[in-house]
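Undergrad: Residue numbers (my numbering): 2 to 271.
Every residue gets a Cβ at the ideal spot worked out from N, C-alpha and C, and that includes glycine.
#1: Here's the rule I'm using: 16 or more other beta-carbon atoms within 10 Å means buried, otherwise exposed. How should residue 30 be labelled?
#2: Going by beta carbon distance, what residues of the same chain come within less than 6 Å of residue 213, once the five residues before and after it are set aside?
#3: Does the stretch 129 to 138 come within contact of the stretch 174 to 184, defined as at least 3 CB pairs closer than 8 Å?
#4: Pop quiz: residue 153 and residue 235 are said to be a contact at Cβ under 8 Å. What is the actual Cβ separation, rounded to whole angstroms?
#5: Of the choices 242, 220 and 108, whose alpha-carbon is the least far from that of residue 50?
#6: The alpha helix (DSSP H) with residue 225 in it runs from where to where?
#7: Going by DSSP in three states, residue 150 sits in which element: helix, strand or coil?
#8: Could you name the residues of the same chain whose beta carbon sits closer than 7 Å to that of residue 218, not counting the 5 residues immediately before and after it, in chain order?
#9: Can you name the start and end residues of the alpha helix (DSSP H) that residue 39 belongs to?
#10: Thinking C-beta only, is residue 129 closer than 8 Å to residue 40?
#11: Considering only C-alpha positions, which residue in the set 48, 260, 259 and 140 is nearest to residue 131?
#12: So what does DSSP say about residue 145, is it helix, strand or coil?
#13: Which whole-angstrom value is the C-beta distance of residue 169 and residue 245, which I expect to be below 8 Å?
#14: Roughly how many whole angstroms lie between the Cα atoms of residue 243 and residue 223?
#15: Run the CB neighbour count on residue 115, radius 10 Å, all protein chains shown included, and call it buried at 16 or more, exposed below.
#16: Work out the CA separation of residue 146 and residue 182 for me, nearest whole Å.
#17: Is residue 255 helix, strand or coil when you go by DSSP?
#18: What is the residue span of the alpha helix (DSSP H) that residue 118 lies within?
#19: Relative to the C-alpha of residue 89, which residue among 190, 38 and 155 is closest?
#20: From what residue to what residue does the alpha helix (DSSP H) around residue 84 run?
#21: Does DSSP classify residue 106 as helix, strand or coil?
#22: Which same chain residues, not among the five before or five after residue 225, have their C-beta less than 7 Å away from its C-beta?
#23: Does the structure place the stretch 256 to 263 close enough to the stretch 103 to 118 that three or more beta carbon pairs sit under 8 Å?
#24: Any chance the CB of residue 70 is under 7 Å from a heavy atom of the ligand FAD?
#25: Among the residues of its own chain, which have a CB less than 6 Å from the CB of residue 205, if the five just before and after it don't count?
#26: Please name the residue, chosen from 69, 191 and 104, that lies closest to residue 200 on a Cα-to-Cα basis.
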């Protein structure tokens with residue numbers, strides 16, 4: 002009995018850290034392949050979610066929304082693109098697509114520290130590439146880019162930058178708590194063998210729910226890469242408020258990851 006418990010609590014290889022990595026032996030993938038997967042997944046997430054917000058949320062106009070997808074459509078776009086990204090490349094990198102998730106998984110002992118800088122850099126590049134593609138497409142319509150930028154380019158914000166006018170404290174709490182919940186779901190779903198096939202759908206639906214809750218509050222970040230990608234084209238206000246959508250999601254993810262680790266989840270060797 003004691004021998005079995007000792008084996009269960011000892012550090013495990015990176016290939017055993019997530020369900021995707023267990024199934025596909027992700028430990029055999031090279032670092033460039035992992036980083037390329039994170040870049041692609043983040044690119045897809047920002048292109049799908051932010052693209053839907055800018056091209057389809059209010060169409061043909063903000064006042065006449067007969068053909069627009071609205072908040073529900075944007076929330077589903079983020080959730081569906083996350084499901085697609087995890088299904089496509091999650092077996093290579095674990096499917097983080099979010100610096101807060103990467104750091105939260107590190108705090109929980111569920112990812113390899115040596116890959117964290119490369120993951121975060123790849124995520125930031127992927128997000129900015131996606132928003133750049135969106136900006137390029139918007140420029141193909143008269144005043145398309147200027148109108149999107151004037152409206153904030155689907156950036157996150159508080160006060161004047163919040164869709165519902167919510168203040169800094171409310172936005173910070175919402176972003177931190179919702180990111181913590183998101184990470185807790187990821188850690189739970191990917192830790193259970195019986196949920197392996199359901200994991201991408203469960204994680205994607207959780208992101209959809211988070212957007213339904215917080216689009217009116219902050220336009221929903223829970224992902225610094227997404228916030229940076231849109232603030233780059235959003236103008237002065239989104240850039241001045243960007244720090245909140247870096248600090249709050251990371252703080253929420255680190256707290257959630259640390260709680261899981263303290264409760265005795267398995268750790269990963271370097």
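TA: The short version:
#1: Position 29 of the chain shown, counted from the first residue, corresponds to residue 30. By the neighbour-count rule (16 or more Cβ atoms within 10 Å), residue 30 is buried.
#2: In the chain shown, the residue the question calls residue 213 occupies position 212. Once the five neighbours on either side are set aside, the close Cβ partners of residue 213 are 76.
#3: no
#4: Locating residue 153 in the chain shown gives position 152, counting from the first residue. Locating residue 235 in the chain shown gives position 234, counting from the first residue. Right, the Cβ-Cβ distance comes to about 5 Å (below 8 Å), so this counts as a contact.
#5: As a working mapping, residue 50 is identified with position 49 in the chain shown. Per the Cα distances, 220.
#6: Taking the first residue of the chain shown as 1, we reach residue 225 at position 224. Per DSSP, residue 225 belongs to the alpha helix (DSSP H) from 225 to 235.
#7: As a first step, residue 150 must be located in the chain shown, where it is residue number 149. Looking at residue 150 - three-state DSSP - the assignment turns out to be helix.
#8: For the purposes of this step, residue 218 is taken as the residue at position 217 of the chain shown. Closer than 7 Å at the Cβ level, and outside the excluded window around residue 218, lie 163, 165, 167, 171, 172 and 175.
#9: Here residue 39 refers to the residue found at position 38 when the chain shown is read from its first residue. Looking at the DSSP string, the run of the alpha helix (DSSP H) that includes residue 39 is 32 to 56.
#10: Mapped onto the chain shown, residue 40 falls at position 39. Mapped onto the chain shown, residue 129 falls at position 128. No, they are not a contact pair.
#11: Start at 1 with the first residue of the chain shown, and residue 131 comes out as number 130. It is 48 whose Cα lies nearest to the Cα of residue 131.
#12: Working through the chain shown from its first residue, we reach residue 145 at position 144. Note: residue 145 maps to helix in three-state DSSP.
#13: For the purposes of this step, residue 169 is identified with residue 168 of the chain shown, where counting begins at 1. For the purposes of this step, residue 245 is identified with residue 244 of the chain shown, where counting begins at 1. With a Cβ gap of about 7 Å, residue 169 and residue 245 count as contacting.
#14: On the chain shown, residue 243 is found 242 positions in, with the first residue counted as 1. On the chain shown, residue 223 is found 222 positions in, with the first residue counted as 1. Near 12 Å, if we compare the C-alpha coordinates of residue 223 and residue 243.
#15: As a position in the chain shown, residue 115 is number 114, starting the count at 1. Result: exposed.
#16: As a working mapping, residue 182 is identified with position 181 in the chain shown. As a working mapping, residue 146 is identified with position 145 in the chain shown. Rounded to whole angstroms, residue 182 to residue 146 spans 34 Å at the Cα level.
#17: Counting from one through the chain shown, the residue named residue 255 turns up at place 254. Note: residue 255 maps to helix in three-state DSSP.
#18: Against the chain shown, residue 118 aligns to sequence position 117. Where residue 118 is concerned, the enclosing alpha helix (DSSP H) stretches over 117 to 139.
#19: By one-based count along the chain shown, residue 89 stands at place 88. Closest by alpha carbon: 38.
#20: If you number the chain shown from 1, residue 84 lands on position 83. First-last of the alpha helix (DSSP H) with residue 84: 71 to 94.
#21: Position 105 of the chain shown, counted from the first residue, corresponds to residue 106. Note: residue 106 maps to helix in three-state DSSP.
#22: Translated into positions along the chain shown, residue 225 becomes position 224. Once the five neighbours on either side are set aside, the close Cβ partners of residue 225 are 100, 101, 246, 247, 250 and 251.
#23: yes
#24: For the structure depicted, the ligand FAD is absent and the ligand set is empty, with no information on it obtainable.
#25: Here residue 205 corresponds to residue number 204 of the chain shown, with the count starting at 1. The residues are 80, 83 and 84.
#26: In the chain shown, counting from the first residue as 1, residue 200 sits at position 199. Looking at the Cα atoms, 191 is the closest of the given residues.
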